[in-house]
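Under the numbering used here, the sequence shown is numbered contiguously, ending at residue 627.
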Amino acid sequence: MLHRGGSMGMWQRFVREGVLDEARIGGRIAESWRRCRREGVDPFGGSGRTILSRGELEDRRMARDRLLRAAAPYLEDLYHYIEDTKHLILLIDAEGFVLFRKGYREMARRADGIQFVEGARWTESEVGTNAIGTALATGEPIMVVGAEHYAVASHPWVCAAAPIRDDRGNLLGILDVSGPVEQAHPLALATVTAAAYAIERQLHLDQHRDRMTLLHMTLEDPSLSLRDGLTAVCDADGSLVWLSPALRRHVGGESVRTLEQLQETGARIHVKRPVTVRDSGFDRTLGSIICLGNPDSGVYRVVQSPRPRAPEIEFPGQIGESAAFRAVLRQVERVAKTDVTVCIEGETGTGKELVARAIHANSARRGGPFVAVNCGAIPEELLESELFGYVEGAFTGARKQGYKGKFEQAHGGTLFLDEIGDITPAMQVALLRVLQERRVTPLGSSKEVPVDVRVIAATHHNLREQVKRGRLREDLFYRLYVYPIRVPPLRERKEDIPHLVRYFFREHNNEVSIPHWIMEKWMQYDWPGNVRELFNLLERAQVAGPGEWEAWLPDSGAPGPEGAAATGDPGAPSSGRLNYREQIQKEEIMRALQETKGNVRLAAERLHMPRSTLYRRIQKFGL
Numbered sequence: 005m006l007h008r009g010g011s012m013g014m015w016q017r018f019v020r021e022g023v024l025d026e027a028r029i030g031g032r033i034a035e036s037w038r039r040c041r042r043e044g045v046d047p048f049g050g051s052g053r054t055i056l057s058r059g060e061l062e063d064r065r066m067a068r069d070r071l072l073r074a075a076a077p078y079l080e081d082l083y084h085y086i087e088d089t090k091h092l093i094l095l096i097d098a099e100g101f102v103l104f105r106k107g108y109r110e111m112a113r114r115a116d117g118i119q120f121v122e123g124a125r126w127t128e129s130e131v132g133t134n135a136i137g138t139a140l141a142t143g144e145p146i147m148v149v150g151a152e153h154y155a156v157a158s159h160p161w162v163c164a165a166a167p168i169r170d171d172r173g174n175l176l177g178i179l180d181v182s183g184p185v186e187q188a189h190p191l192a193l194a195t196v197t198a199a200a201y202a203i204e205r206q207l208h209l210d211q212h213r214d215r216m217t218l219l220h221m222t223l224e225d226p227s228l229s230l231r232d233g234l235t236a237v238c239d240a241d242g243s244l245v246w247l248s249p250a251l252r253r254h255v256g257g258e259s260v261r262t263l264e265q266l267q268e269t270g271a272r273i274h275v276k277r278p279v280t281v282r283d284s285g286f287d288r289t290l291g292s293i294i295c296l297g298n299p300d301s302g303v304y305r306v307v308q309s310p311r312p313r314a315p316e317i318e319f320p321g322q323i324g325e326s327a328a329f330r331a332v333l334r335q336v337e338r339v340a341k342t343d344v345t346v347c348i349e350g351e352t353g354t355g356k357e358l359v360a361r362a363i364h365a366n367s368a369r370r371g372g373p374f375v376a377v378n379c380g381a382i383p384e385e386l387l388e389s390e391l392f393g394y395v396e397g398a399f400t401g402a403r404k405q406g407y408k409g410k411f412e413q414a415h416g417g418t419l420f421l422d423e424i425g426d427i428t429p430a431m432q433v434a435l436l437r438v439l440q441e442r443r444v445t446p447l448g449s450s451k452e453v454p455v456d457v458r459v460i461a462a463t464h465h466n467l468r469e470q471v472k473r474g475r476l477r478e479d480l481f482y483r484l485y486v487y488p489i490r491v492p493p494l495r496e497r498k499e500d501i502p503h504l505v506r507y508f509f510r511e512h513n514n515e516v517s518i519p520h521w522i523m524e525k526w527m528q529y530d531w532p533g534n535v536r537e538l539f540n541l542l543e544r545a546q547v548a549g550p551g552e553w554e555a556w557l558p559d560s561g562a563p564g565p566e567g568a569a570a571t572g573d574p575g576a577p578s579s580g581r582l583n584y585r586e587q588i589q590k591e592e593i594m595r596a597l598q599e600t601k602g603n604v605r606l607a608a609e610r611l612h613m614p615r616s617t618l619y620r621r622i623q624k625f626g627l
């Protein structure tokens with residue numbers, strides 16, 4: 005553990021008297037304290053003050069998409085590395101806003117207490133000396149321990165942070181690991197710096213690939229004829245990656261490196277045409293074609309496969325950009341190349357079967373069958389015959405020609421055993437034998453049938469806990485739990501909700517403009533039914549159509565007749581606890597009445613509902 009004694013005494017003296025013993029405190033900490041004092045930062049505060057709304061945070065994440073994409077796998081790897089150390093991992097943009105936070109639950113709760121949350125701005129001017137803010141101010145890695153923090157709210161913390169830069173040296177963000185001061189470790193800064201460097205290398209590789217793709221798409225397209233006029237190609241950052249010979253002569257050679265410098269030469273840009281690719285189901289801008297003449301304007305759009313860095317896998321029905329989802333994609337891509345047994349863990353509705361199908365579709369077995377069995381839905385007495393099959397006359401009611409079980413049906417392909425944690429002890433013994441010997445014996449037969457099957461199991465249970473409780477054989481556990489994949493619940497990847505919504509409506513050939521407040525409500529909801537619940541809601545909303553926004557809200561209670569309260573009396577105020585939809589309705593009505601100073605007609609217009617309906621709801625909610 006790392007201890008830096010004396011910091012509290014020095015902090016107290018500096019706060020009271022402005023006296024600093026520079027021989028006993030690091031130079032960068034001392035400089036930061038002085039900056040904080042000059043800027044009037046409150047040393048007795050330190051909680052986050054500037055916090056983005058959920059919608060603003062999502063907009064910022066979308067704008068920092070490249071950074072989040074590159075960082076996602078490294079954030080997940082770092083999380084698993086420090087998972088048991090009571091720390092948090094954070095990714096911050098160049099303006100100090102927290103884009104991502106994940107880690108130990110108790111520390112997350114403590115961080116919430118000082119508003120150290122996603123969307124918070126964590127700069128020196130906001131919260132005083134801290135690893136994130138000081139790394140932003142100096143552009144260098146730093147570790148801040150305990151009372152080295154300028155504000156008292158951060159004294160119980162130790163933080164290590166390192167900057168992330170693009171290939172031109174521009175600061176893109178900060179990677180930070182924060183935890184309890186008692187857990188301070190001298191290697192923390194080295195670990196964070198190494199991870200930040202790995203993210204930088206990935207970013208540089210992505211930028212290089214994007215520029216190569218951009219040049220190929222523009223210069224190799226004969227329909228564009230860029231080489232003949234005063235034209236240029238710039239990347240998404242505004243850096244010029246190519247100038248036509250005529251334009252190079254026009255601006256005087258190699259000195260012009262950016263779009264801004266090009267404009268400073270007096271060159272007048274007539275057209276700036278975006279160059280986009282189709283990536284993960286959405287248009288992404290690679291750069292622009294710059295024309296100093298008058299060619300036809302418009303968007304030059306190319307549909308192609310996702311860029312090479314992204315996992316090149318088929319994954320229908322699931323989409324997202326969160327670190328958690330990208331980690332699942334990486335695992336699917338990795339394990340699909342092998343033939344090992346996979347165990348998929350996740351809550352109901354997270355898409356476990358979709359993950360299994362993605363593994364199959366991207367494996368060498370893709371040409372074979374994919375056979376799915378829900379072990380929890382088949383009665384115990386039928387499961388054995390369903391899996392292993394039977395011969396004619398095996399039991400009363402058996403088919404004359406017998407029946408090939410699911411293992412035989414999946415020969416040469418993949419067998420997906422869903423809800424594997426629900427099978428009985430006797431069935432566990434039979435399944436273990438098949439997994440060991442790769443042979444099945446149909447009921448009523450003494451002849452073994454060899455099967456070439458890849459097994460993917462899935463469960464919503466904690467299988468380790470099932471073993472401890474004696475509900476699952478330990479030897480079967482080790483046969484199934486070769487390569488585990490955890491599918492995160494939707495509440496842990498809420499940043500994917502906008503992507504999932506767009507995917508849903510695109511698949512249904514429907515374009516809908518969704519109000520910002522609806523998206524905010526979706527982001528606030530915990531989605532106990534996960535992606536399945538979200539898609540169910542969107543199905544219902546699609547029927548209702550735009551404007552009927554109530555149908556677009558999650559409903560934690562049973563639907564009732566319009567305006568009817570729990571008592572059944574339409575005119576009575578609702579009794580008992582409001583469900584989620586009713587609570588939102590009440591809040592929206594209260595807001596509309598407040599904004600219109602109690603004018604029901606104007607409030608009804610603002611809410612897009614008849615006055616009679618509004619009157620009923622005012623009465624229903626007792627407003």
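Backbone N, C-alpha and C fix where the C-beta goes; we use that ideal spot for every residue, glycine too. Computed from a prediction, not measured in an experiment: that's the story for all the values here.
Among the residues of its own chain, which have a CB less than 7 Å from the CB of residue i, if the five just before and after it don't count?
| i | result |
| --- | --- |
| Ala74 | Ile203, Gln206, Leu207, Asp210 |
So residue i and residue j are supposed to be a Cβ contact under 8 Å. How far apart are they, rounded?
| i | j | result |
| --- | --- | --- |
| Asp133 | His159 | According to the sequence displayed, residue 133 carries Thr and not Asp. The Cβ separation is near 11 Å, so there is no contact. |
| Thr345 | Glu384 | Incorrect: roughly 23 Å between the Cβ atoms, too far for contact. |
| Val121 | Arg105 | 7 Å |
| Glu554 | Gln589 | 7 Å |
| Pro145 | Thr195 | Contact flag wrong, Cβ pair sits at about 11 Å. |
| Arg1 | Glu452 | There is no way to answer for residue 1, as the model of the chain reaches only from 5 to 627. |
| Leu504 | Gly324 | 7 Å |
So what's residue i in DSSP terms, helix, strand or just coil?
| i | result |
| --- | --- |
| Thr292 | Going by the sequence as given, residue 292 is Ser instead of Thr. DSSP places Ser292 in strand when its eight states are reduced to three. |
| Val455 | coil |
| Ile518 | coil |
| Pro532 | coil |
| Asn629 | Shown here, the chain extends from 5 to 627; a query on residue 629 therefore has no answer. |
| Asp210 | helix |
| Pro429 | helix |
| Phe374 | strand |
| Ser158 | helix |
| Cys238 | strand |
| Trp246 | strand |
| Asp422 | strand |
| Pro502 | helix |
| Glu349 | strand |
Just the Cα atoms here: how many angstroms apart are residue i and residue j?
| i | j | result |
| --- | --- | --- |
| Glu637 | Phe329 | Lying outside 5 to 627, the shown extent of the chain, residue 637 is not represented and no answer is given. |
| Thr89 | His520 | 38 Å |
| Pro488 | Leu467 | 11 Å |
| Ala141 | Glu21 | 25 Å |
| Leu223 | Asp171 | 23 Å |
| Ser248 | Ile273 | 14 Å |
| Gly31 | Arg42 | 17 Å |
| Val438 | Ile348 | 20 Å |
| Gly331 | Leu94 | For clarity, residue 331 is Ala in the given sequence; the question names Gly instead. Rounded to whole angstroms, Ala331 to Leu94 spans 16 Å at the Cα level. |
| Leu484 | His84 | 21 Å |
| Gln623 | Glu599 | 19 Å |
| Ile118 | Gly50 | 7 Å |
| Tyr529 | Pro558 | 8 Å |
| Val45 | Gly602 | 42 Å |
| Asp531 | Glu388 | Here residue 531 turns out to be Trp, not Asp, going by the sequence shown. If you take the alpha carbons of Trp531 and Glu388, they lie about 35 Å apart. |
| Ile33 | Arg39 | 10 Å |
Do residue i and residue j have their CB atoms nearer than 7 Å?
| i | j | result |
| --- | --- | --- |
| Asn540 | Leu494 | no |
| Ala327 | Glu99 | no |
| Leu24 | Arg65 | no |
| Val1 | Arg288 | For residue 1 there is no data in the structure shown, the boundaries of the chain being 5 and 627. |
| Pro167 | Gly143 | yes |
| Met12 | Ile29 | no |
| Cys163 | Ala139 | no |
Quick one: what's got a C-beta closer than 6 Å to residue i's C-beta in the same chain, skipping five residues either side?
| i | result |
| --- | --- |
| His465 | Gly425 |
| Gly372 | Gly416, Gly417 |
| Gly350 | Lys356, Val491 |
| Ala461 | Cys347, Leu421, Ile424, Leu484 |
| Glu60 | none |
Checking contacts by CB at 7 Å: is residue i closer than that to chain C?
| i | result |
| --- | --- |
| Ile86 | The chain inventory of the structure shown lacks chain C, comprising one protein chain alone. |
Using C-beta distances below 8 Å, list every residue in its chain close to residue i, excluding the 5 sequence neighbours before and after it, in chain order.
| i | result |
| --- | --- |
| Met111 | Lys90, His91, Leu92, Ser182, Gly183, Pro184 |
| Leu476 | Gly425, Gln432, Leu467, Gln470 |
| Asp239 | Gln211, Asp214, Arg215, Leu218, Val245, Leu290, Gly291 |
| Asp479 | Leu436 |
| Gly242 | Thr262, Leu263, Glu264 |
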